[in-house]
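S.K.: Residue numbers (my numbering), protein chains in the order written: chain A, 2 to 291; chain B, 2 to 291; chain C, 2 to 291. In this text, a Cβ means the ideal position worked out from N, Cα and C, and glycines have one as well. On a predicted model such as this, the values are computed, not experimentally measured, just so you know. Mind having a look at this structure? Questions to follow.
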Amino acid sequence: MDKTLLSPIVAGMWRMAEWNLDVPARVRWIEQALELGIHTFDHADIYGDHAVETLFGEALKASPSLRAYLRIVTKCGIRLKSTQRGVAVQHYDTSPAYVRAQVEASLRKLHVDQLDLVLIHRPDYLMDAEMLAGTFAALTNEGKVAHWGVSNHTTSQFELLQAHHPLVTNQIELSPLHLDALDDGTLDQAQRLGLRPMIWSPLGGGRLFTGEDETAVRVRDVMQPMAERLGVSLATLAYAWMLRHPSRPHPITGSGRIDGLRDAVAALDVPLSTEDWYAIWTASTGHPVP
Amino acid sequence: MDKTLLSPIVAGMWRMAEWNLDVPARVRWIEQALELGIHTFDHADIYGDHAVETLFGEALKASPSLRAYLRIVTKCGIRLKSTQRGVAVQHYDTSPAYVRAQVEASLRKLHVDQLDLVLIHRPDYLMDAEMLAGTFAALTNEGKVAHWGVSNHTTSQFELLQAHHPLVTNQIELSPLHLDALDDGTLDQAQRLGLRPMIWSPLGGGRLFTGEDETAVRVRDVMQPMAERLGVSLATLAYAWMLRHPSRPHPITGSGRIDGLRDAVAALDVPLSTEDWYAIWTASTGHPVP
Amino acid sequence: MDKTLLSPIVAGMWRMAEWNLDVPARVRWIEQALELGIHTFDHADIYGDHAVETLFGEALKASPSLRAYLRIVTKCGIRLKSTQRGVAVQHYDTSPAYVRAQVEASLRKLHVDQLDLVLIHRPDYLMDAEMLAGTFAALTNEGKVAHWGVSNHTTSQFELLQAHHPLVTNQIELSPLHLDALDDGTLDQAQRLGLRPMIWSPLGGGRLFTGEDETAVRVRDVMQPMAERLGVSLATLAYAWMLRHPSRPHPITGSGRIDGLRDAVAALDVPLSTEDWYAIWTASTGHPVP
């Protein structure tokens with residue numbers, strides 16, 4: 002894959018439906034992200050109860066020249082529980098027919114001819130890797146999708162699908178409040194394969210700022226003075242902690258505020274020391290390294 | 002390996018000693034299994050306190066023409082605690098001498114010239130993979146064993162032995178009441194290597210029907226009406242749930258009733274939907290997919 | 002690597018600072034180890050609060066002819082909390098500059114021209130494998146280090162670094178009181194790659210002899226009569242239990258008493274039976290094998 006497929010910081014569109022922006026405001030929002038060097042936008046078919054891709058696509062339709070400047074990531078594979086859609090039990094679906102249908106729906110809703118990167122949103126126990134890879138190849142050949150990846154996959158699930166089709170990333174959760182990927186081999190695998198992970202909830206879904214649980218308080222008590230010492234915001238420090246990892250992760254923002262994007266971009270210039278990185282790890286785990 | 006080495010459903014002989022069948026009844030039982038398309042019979046040296054292979058072998062001796070129609074799987078490697086055999090502490094043994102002795106005993110007891118598939122019953126911490134592979138090769142060359150595999154092995158134990166000798170399967174536990182293999186990489190590895198797993202206790206050892214624990218009740222409450230809707234028995238639905246997995250598992254029956262075999266075979270024609278599969282998973286875990 | 006790089010038993014220098022030996026006594030201690038066939042000495046930059054390498058090096062300086070007969074293993078990568086060194090939060094550091102600095106300091110303190118084996122002491126979440134491998138290659142080319150390895154690394158961490166530079170061992174904890182490495186894939190990987198592990202705390206840090214917890218008592222109750230039956234000490238039996246593993250581990254002693262080394266070396270001649278090995282495992286886990 003083109004090493005610059007994804008911008009260092011990726012704008013997460015997850016909550017766009019809550020931002021209540023009219024079409025011109027959406028266009029302006031995208032432009033401001035681009036001005037900050039954020040050219041990649043992270044979607045999923047289901048975001049905003051299936052509404053976000055449409056909202057974003059309306060902006061692209063209103064300002065078609067934007068398309069050339071941005072990269073679109075989206076996901077499919079989750080069937081949300083929905084009376085309207087006739088889904089009684091939330092489940093995953095990576096059947097060829099469903100993946101194709103969702104990709105084609107995303108193209109229509111986003112008003113684009115090609116998706117730059119499509120991820121399987123969650124590991125489907127019923128994924129037939131060979132069959133799914135066939136669908137990847139077909140949609141790639143048709144020009145509908147440029148690259149493929151996964152999200153929330155374990156190392157063995159990743160290895161299984163990767164054996165049948167090249168994957169470019171595993172989008173996973175990581176934050177000072179959620180350290181699993183450091184220990185379960187996910188980031189080792191990413192670094193070994195040279196495949197930069199995408200990171201969701203790099204700020205712990207806001208818990209970093211307002212969480213009252215013991216861990217959140219302990220982490221904030223360490224990070225707040227550290228941020229002040231470094232002259233950056235708490236959010237910027239959290240992004241810097243993430244960016245310090247040698248797998249070279251792409252954090253995904255969640256905020257609708259342009260200042261939220263600025264906090265993330267600012268982290269690209271914060272050279273966090275190893276000791277500071279471990280001080281945050283230590284606060285999160287509640288014990289020093291062995 | 003011959004892709005049809007094992008029949009889709011495998012008859013488990015574990016409890017044959019409890020069935021109290023005389024020799025003609027045993028012959029008839031085997032014939033009925035064959036008539037249902039079940040040509041593979043799963044043994045272990047220790048089943049029935051070392052009695053089952055002998056019971057089965059007596060039937061083969063009484064009706065030698067049967068041999069050509071069936072495939073025999075057996076296992077070795079467990080030394081049961083036994084005053085008679087001088088074993089004070091139950092343990093595993095995969096030494097060349099022991100594996101050879103058990104294979105040769107199985108051949109004698111079963112009255113056959115070759116075992117179609119022999120499995121190492123449990124992962125032996127003291128397994129010397131290179132040495133054990135040497136024994137596999139020798140017994141293969143002597144025509145005593147056609148194929149080798151393992152049972153209850155983790156992915157790394159499988160990978161270790163597989164590096165020294167081709168293995169054709171990992172026989173593992175899986176059922177709506179026992180989901181570990183879905184998450185620990187075992188089934189990912191099986192699918193990646195194209196090696197169909199064999200499944201023991203696909204009905205949770207009967208707990209599916211009569212278990213009074215919270216999980217069993219919850220699973221039954223979902224599966225019973227689903228079975229009625231699909232017009233199949235609860236057992237058939239459980240087998241269908243298993244067969245739906247893309248690793249193409251071979252469930253092993255446990256029943257001595259021919260109707261028990263019919264329940265399993267019937268599942269081959271039940272096209273379980275993805276949503277139904279996940280409804281059972283959801284009932285078992287007690288929460289929807291993330 | 003030279004298959005005899007490490008002697009079967011390795012002398013651990015961890016506590017040398019507590020032994021209160023003057024220089025001639027240190028020389029004599031080393032000579033006695035060599036007379037027992039123990040030619041490998043295990044160090045780390047931080048042992049004895051950074052004092053042990055110096056103590057050992059003073060002996061080598063006093064008796065320079067010893068160097069040709071022994072192999073030196075040391076480790077780096079941990080930055081202990083230390084007011085003196087300006088480390089407020091204990092952490093790991095595998096940056097090129099730090100690894101180089103520590104290797105060069107070890108050479109100076111030990112009064113040797115080359116370290117036979119250097120291990121990364123703990124898995125550093127911030128390890129950039131490619132960059133670290135570059136440092137390994139440079140220090141190897143300069144003749145300062147002959148071989149590289151790691152300690153306390155998971156299988157995926159090992160695989161990551163191994164993909165960039167050959168590693169010869171993973172030094173891990175294992176004892177009748179600490180069984181993790183048997184189940185987490187570490188020893189499977191070692192055997193698969195033919196890389197003999199080094200074992201720290203093979204006696205459970207003394208807990209085997211004096212621990213009053215339920216597990217220690219249970220293990221001792223099984224091992225004490227077994228040792229008497231075999232005519233060896235409890236320590237020798239623990240070493241024999243370790244040496245029985247097919248990955249062919251190198252246990253590291255901890256004692257300053259020469260009799261402590263003799264206990265370990267004696268184990269090389271104790272052919273522990275499989276059943277005895279599992280009796281100890283069973284006592285440790287508190288249940289028989291499945």
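#1: How would you write the range of the alpha helix (DSSP H) that Arg261 of chain B sits in, first residue to last?
#2: Less than 8 Å separating the beta-carbons of His179 of chain C and Ser202 of chain C?
#3: Verify the CB distance criterion: does Met199 of chain B have a CB-CB separation below 8 Å to chain C?
#4: Go ahead and pull the three-state DSSP assignment for Arg68 of chain C.
#5: How would you label Tyr240 of chain B, buried or exposed, when you count the other beta carbons within 10 angstroms and need 16 or more for buried?
#6: Along chain C, in chain order, which residues have C-beta atoms closer than 8 Å to that of Ser96 of chain B?
#7: Mind checking which residues open and close the alpha helix (DSSP H) that includes Ile200 of chain C?
#8: Say whether chain B places a C-beta atom closer than 8 Å to the C-beta of Gln158 of chain A.
#9: Put Leu51 of chain A into one of helix, strand or coil per three-state DSSP.
#10: Tell me which residue opens and which closes the alpha helix (DSSP H) that Trp30 of chain C is part of.
#11: Take Met128 of chain A as the anchor and find which of A:Gly144, A:Ala98, A:Ser107 and A:Trp30 has the nearest alpha-carbon.
#12: Start and end of the alpha helix (DSSP H) containing Ser8 of chain C?
#13: Contact check, Leu81 of chain B vs Ile31 of chain B under 8 Å by CB: the rounded distance?
#14: Name the residue from A:Gln91, A:Val266, A:Glu215 and A:Met132 whose alpha carbon lies nearest to the alpha carbon of Pro291 of chain B.
#15: On the DSSP bridge assignment, give the partners of Val146 of chain B in chain order.
#16: If we ignore side chains and look at the alpha-carbon of each, how far apart do Ser26 of chain C and Ser66 of chain C end up?
#17: I need the DSSP call for Glu174 of chain A, collapsed to helix, strand or coil.
#18: Who are the near neighbours of Leu7 of chain C in its chain, counting only those whose CB is closer than 8 Å to its CB and skipping five residues on each side?
#19: Within 8 Å of any Cβ in chain B, is that where the Cβ of Met2 of chain A sits?
#20: Restricting to Cα atoms, I'd like to know which of B:Ile121, B:Gln115, B:Val266 and B:His165 is closest to Val100 of chain B.
#21: Can you confirm whether the stretch 9-29 of chain B touches the stretch 232-246 of chain A when touching is taken to mean that 3 or more C-beta pairs between the two stretches lie within less than 8 Å?
#22: Taking CB distances under 8 Å as the criterion, tell me whether Thr55 of chain A reaches chain C.
#23: Indicate whether at least one CB of chain B lies closer than 8 Å to the CB of Thr84 of chain C.
#24: Establish whether the CB of Val151 of chain A and some CB of chain C are separated by less than 8 Å.
#25: What residues are listed by DSSP as bridge partners for Tyr93 of chain B?
#26: How many whole angstroms separate the CB atoms of Phe159 of chain B and Gln190 of chain B, which I take to be in contact at a CB cut-off of 8 Å?
#27: Taking the beta carbon of Pro272 of chain B as the centre, do at least 16 other beta carbons fall within 10 Å, making it buried, or is it exposed?
#28: Tell me, please, whether the CB atom of Gly13 of chain A is closer than 8 Å to any CB atom in chain B?
#29: Here's the rule: buried if 16 or more other CB atoms are within 10 angstroms of the residue's CB, otherwise exposed. What is His154 of chain A?
#30: Would you mind working out which of A:Leu238, A:Gly135, A:Pro124 and A:Ser176 sits nearest Ser157 of chain A, comparing C-alpha positions?
#31: In this structure, does DSSP put Val1 of chain C in helix, strand or coil?
#32: So what does DSSP say about Asp43 of chain A, is it helix, strand or coil?
#33: Measure from the alpha carbon of Gln163 of chain A to the alpha carbon of each residue in B:Asp181, B:Thr141 and B:Leu194, then state which is nearest.
#34: Would you list, in chain order, the members of the stretch 113-140 of chain B that have their beta-carbon closer than 7 Å to a beta-carbon of chain F?
#35: Since Ala265 of chain A and Thr254 of chain A are thought to touch, with beta carbons under 8 Å apart, how far apart are those beta carbons, to the nearest angstrom?
#36: By the DSSP assignment, the alpha helix (DSSP H) with Glu213 of chain A in it spans what residues?
M.R.: The relevant details are as follows:
#1: For the record, residue 261 of chain B in the displayed sequence is Gly; it is not Arg. Its alpha helix (DSSP H) spans residues Ile259 to Ala267.
#2: yes
#3: no
#4: helix
#5: buried
#6: Thr275
#7: Where Ile200 of chain C is concerned, there is no enclosing alpha helix (DSSP H), although the beta strand (DSSP E) it sits in stretches over Met199 to Trp201.
#8: yes
#9: It should be pointed out that residue 51 of chain A corresponds to His in this sequence rather than to Leu. Reduced to three states, the DSSP call for His51 of chain A is helix.
#10: Val24 to Glu36
#11: A:Ala98
#12: From DSSP, Ser8 of chain C is part of no alpha helix (DSSP H); its letter is neither H nor E.
#13: Actually they do not touch by this definition, with Cβ atoms about 26 Å apart.
#14: A:Gln91
#15: B:Leu116
#16: Looking at the sequence provided, one finds Ala at residue 26 of chain C rather than Ser. Using only the alpha carbons, I get a separation of about 16 Å.
#17: strand
#18: Thr41, Arg72, Val74, Leu118, Thr170, Arg197, Met199 and His251
#19: Legend: pLDDT at Met2 of chain A = 46, less than 50; position of this residue unreliable, no value from coordinates given.
#20: B:Ile121
#21: no
#22: no
#23: no
#24: no
#25: B:Ile79
#26: 6 Å
#27: exposed
#28: no
#29: buried
#30: A:Pro124
#31: No information on residue 1 of chain C is available, as it lies outside the stretch 2 to 291 that chain C covers here.
#32: strand
#33: B:Leu194
#34: Among the protein chains in the structure shown, which are A, B and C, there is no chain F.
#35: 5 Å
#36: Neither: Glu213 of chain A is in no alpha helix (DSSP H) and is coded neither H nor E.
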